[in-house]
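J.: Line by line, the protein sequences are chains A and Z. The numbering used here numbers the first residue of the first sequence as 1 and each following residue consecutively. The numbering used here numbers the first residue of the second sequence as 1001 and each following residue consecutively.
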Amino acid sequence: MIENARSLNIAASVILLAGMLYILGPLYLTLATASQSYEFLLRNGLAWYPGDQFFNNAARIFTETRIPIQMLNSLAVAFSLAIATCILSFLSAYAIVYFRIRWAGVAFALILATIMLPVDIRVITTYQVASNVFSPVNALLDVTGLNGLIAKAFGAPVQLELSVLNTHFGLIAPLVAHGTGTFLFRQFFLTLPKDLFKAARMDGAGPVRFMFDILLPLSRTSFAALFVLTFLSGWTQYLWPLVASSTPDMQTAVVGLARLLPDSDGEVPDFPMIMAGAVIVSLVPLLMIALLQRYLVQGLVLSEK
Amino acid sequence: MNAIDTAIRAAAASITVKDLTKAYDPQTVVIPPMDVELKAGEFTVVLGPSGCGKSTLLQMIAGLERVSSGKILIGTREVQDLEPKHRGCAMVFQNYALYPHMTVFENMAYSLKVSGAPKAERAERVAAVARMLGLADYLHRKPGQLSGGQRQRVAIGRAIVREPAVLLFDEPLSNLDAQLRHDMRVELADLHRRIGATTVFVTHDQVEAMTLADRILILNKGRIEQFDTPKAIYHNPASVFVAKFIGAPPMNILAVTGDGAALRLADGQVVANAPLTGAYQLGIRPEDIVVDGKANGHVVRAALRFREDLGSHSVLAADLGGSTVRIATPFGADIADRLELDLNFPTSRLHLFDAATGRAIPGAFGAQ
């Protein structure tokens, strides 16, 4: 729809401007606050104009808080999450598209269903499982009555216990189970010529060789797109890291930022320092997008090259 | 003739298919038991309408589809249980299926690389094939930078660089435009004459079949309707199916009844003398019908419905006893405004088919 009426142009510009204000306003406030001193905030309230204290505030983030180590946690979580998701999605999509599997359609539907079940919805169950990864096994043994038999034979029922709470693995694993990547790769594979797999077989390349020599190089942009998306989502995760990690040294940067607010009422939070922290924590994903945005767009439009 | 030609000619092997069947489940039988032998160095075109099992047959020879039962022999070796790479087949696909991220050179050398050929040998063999196919200047391009015909040639090059015992084509020309298809047809015929590889070429295009084939294998619902030279198939179709499938426009098929002395059309007109009784199907090629002229056969009267002038000739459609008959006449014949035509059916040009089975009844009108 391309209209060229002047009134329409003006209306569109106004809406655009309003949208920009909506997005840039808070960003401006963040930057302005981050560059003022705590005393300035106590005296004047909200900072409407920038000051010269940014580097001071930033330095305090590094000396007075655990944000640096928490950023390392975030980096580890986001990076491992992105890598694990990429590999898992690629392999599952490869199986679904290129092999005749009896229940491939059902499997794919189940994988897609995980998109409708983000961690936020299943957080309680996920927490239960994370606090003891063997709890499903235990429950199964109880329900099937096997534990009764074992108790009779050995004197005690089986109760396995292993908690992954407060570990990096526990932070990452529940987030990996997400179908978006499989969907992305599946759609990409479907745009490739159908006979490619057969051609490779005729050339003597088996399924593994085909995957490494042909499918993997062709999927580069999809990989990059999925990597960036998952990395960003891993970096900005809040709820799961909040419940799954209990010590400050295990928490991620986003959780750590929220924890910078004082626990007691009546105290004015050190907003300049918190905002400086927010800016620093945002730098990593920003850098990521800046470096890989070309692939991000290419991978998401799923065009055949 | 250079080294690669000789090598391929030497590698060419026959294909023998014995009691081959393919069924996805007991209800969907794609190919009922089939027996056929393709000679070494022969260019066989497998022709049939879509869904007739021709691609399935090809993929079973290649090893991309499992056989349900029966044997496939390449040369004297049973191959039906072997992996594709151990069968000595190479294949050219309909959509080329070139590896988009590899250069032309890498595409052609890939199978050699997989089989572990040393680098120098790879380069040498690819260079020889590229020279033969006129691709020497394009070796460093990616498939995306090539035209349709060039991509086709790369796909062929990728197939023959391994010096296969059997070369398989799966409708390779159907993605090309008409002019290019014609050029590629000529190139393929020329290539086959030079390298002499045993070739199986699947298509639904009768022109490709007629022009390329040493012998044509016509499939209908997985069954072999006829396996013969293009000339024999055109002049002595073994069944109504073949008669209607080959030729443009196809052979006219008319329902006739024998009264012991003559064959009559539905409206009672006599088209031929023959001591036959019962129902038959009578076939005659559009170009064999003589309009108004003298020929050694019966004359029937038909109503002209319309005519198409094609430049080289005209095609008339006439109503004869309730069915439409197509007649190919020289262009511009003076029959423009007439409604009634006298059609002469030369007896020697008639084909008779069994009404129930559709199989040809040879020699029904004496020697043909």
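C-beta atoms are modelled at their ideal positions from N, C-alpha and C, and glycine is treated no differently. Being a predicted model, the structure only gives us computed values, none of them experimental.
Tell me the rounded alpha-carbon separation between Q1368/Z and V208/A.
T.: Caution applies to Q1368/Z, whose pLDDT of 43 falls short of 50 and renders its modelled position unreliable; the value that the coordinates give is listed next. Roughly 59 Å separates the two Cα atoms.
J.: By DSSP's criteria, F1169/Z is part of a beta bridge. Which residues make up the other side?
T.: According to the DSSP secondary-structure assignment, F1169/Z is paired through a beta bridge with V1092/Z, F1201/Z.
J.: Based on the DSSP secondary-structure assignment, which residues constitute the bridge partners of V1029/Z?
T.: A1023/Z
J.: Enumerate, from N- to C-terminal direction, the unbroken alpha helix (DSSP H) stretches of 4 or more residues contained entirely within the region 118 to 163 of chain A.
T.: 123 to 131, 135 to 144, 146 to 154
J.: Which residue's Cα is closest to the Cα of L192/A: L175/A, I214/A, D203/A?
T.: I214/A
J.: If A1159/Z and V1092/Z are in contact, beta carbons under 8 Å, what's the gap, nearest whole angstrom?
T.: 5 Å
J.: Using a C-beta to C-beta distance shorter than 7 Å, which residues of chain A count as neighbours of K1085/Z?
T.: G204
J.: DSSP state of K1071/Z, grouped into three classes?
T.: Note: K1071/Z maps to strand in three-state DSSP.
J.: Run through the DSSP bridge pairs and tell me what L1352/Z is partnered with.
T.: L1282/Z
J.: Note down, in chain order, every chain A residue with its Cβ under 9 Å from the Cβ of C1089/Z.
T.: M202
J.: In three-state DSSP terms, what is A1114/Z?
T.: The question names Ala, but residue 1114/Z in the sequence shown is Val. Note: V1114/Z maps to helix in three-state DSSP.
J.: Which same chain residues, not among the five before or five after T1016/Z, have their C-beta less than 7 Å away from its C-beta?
T.: E1037, L1073
J.: Give the residues of chain A in contact with L1064/Z, contact being defined as C-beta atoms less than 8 Å apart.
T.: K198, R201, M202
J.: Verify the CB distance criterion: does N1095/Z have a CB-CB separation below 8 Å to chain A?
T.: yes
J.: Closer than 9 Å by beta-carbon distance: list the chain Z residues that pair up with P193/A, in chain order.
T.: Those within 9 Å of P193/A in chain Z are F1093, N1095, Y1096, A1097, L1098, P1100.
J.: Identify each residue in the region 1106 to 1119 of chain Z for which the Cβ-Cβ distance to at least one residue of chain A is less than 7 Å, and report them in chain order.
T.: Answer in chain order: Y1110, S1111, V1114, S1115.
J.: Can a CB atom of chain Z be found closer than 8 Å to the CB of R60/A?
T.: no
J.: When DSSP labels each residue in this structure, what does K305/A get in the three-state scheme?
T.: Any answer about K305/A is weak, because its pLDDT of 40 lies below 50 and its placement is not dependable; what the coordinates show is given next. If DSSP states are grouped into helix, strand and coil, K305/A belongs with coil.
J.: Is the Cβ of I214/A closer than 8 Å to any Cβ of chain Z?
T.: Output row for I214/A: interface = yes.
J.: Just list the residues that DSSP pairs S1239/Z with in beta bridges.
T.: Looking at the DSSP assignment, S1239/Z forms a beta bridge with R1359/Z.
J.: In chain Z, which residues lie less than 9 Å from P26/A when you measure between Cβ atoms?
T.: Correct list: empty, because the minimum Cβ distance to chain Z is about 43 Å.
J.: Can you look up L296/A in the DSSP assignment and give me helix, strand or coil?
T.: helix
J.: So T1044/Z and R1215/Z are in contact, right, with Cβ under 8 Å, and what is the actual spacing, rounded?
T.: 6 Å
J.: For M1060/Z, which of helix, strand or coil comes out of DSSP?
T.: In the structure shown, the three-state DSSP call for M1060/Z is helix.
J.: Report the partner residues of V1046/Z according to the DSSP bridge assignment.
T.: V1202/Z, L1217/Z
J.: Could you give the residue range of the alpha helix (DSSP H) that holds E64/A?
T.: 54 to 64
J.: At which residues does the beta strand (DSSP E) containing H1298/Z begin and terminate?
T.: 1297 to 1309
J.: What residue range does the alpha helix (DSSP H) around H1182/Z cover?
T.: 1178 to 1195
J.: Specify, as a first and last residue, the run of the alpha helix (DSSP H) that L257/A falls within.
T.: 253 to 259
J.: Below 8 Å between beta carbons: does that hold for I67/A and A253/A?
T.: yes
J.: Considering only C-alpha positions, which residue in the set E1121/Z, A1117/Z, Q1152/Z, K1119/Z is nearest to L1134/Z?
T.: According to the sequence provided, residue 1134/Z is Gly. The question's Leu does not apply to it. Checking every option, the nearest Cα to that of G1134/Z belongs to Q1152/Z.
J.: Locate the alpha helix (DSSP H) running through E39/A, then write down its first and last residues.
T.: 38 to 44
J.: If the criterion is Cβ atoms closer than 8 Å, does the pair Q1094/Z and E1171/Z meet it?
T.: yes
J.: For a test of the three-state rule: what should DSSP assign to K1018/Z, helix, strand or coil?
T.: strand
J.: Do F55/A and A34/A count as a contact pair if the criterion is CB distance below 8 Å?
T.: no
J.: So the candidates are A1178/Z, F1201/Z, D1177/Z; which of them puts its Cα closest to the Cα of L1188/Z?
T.: F1201/Z
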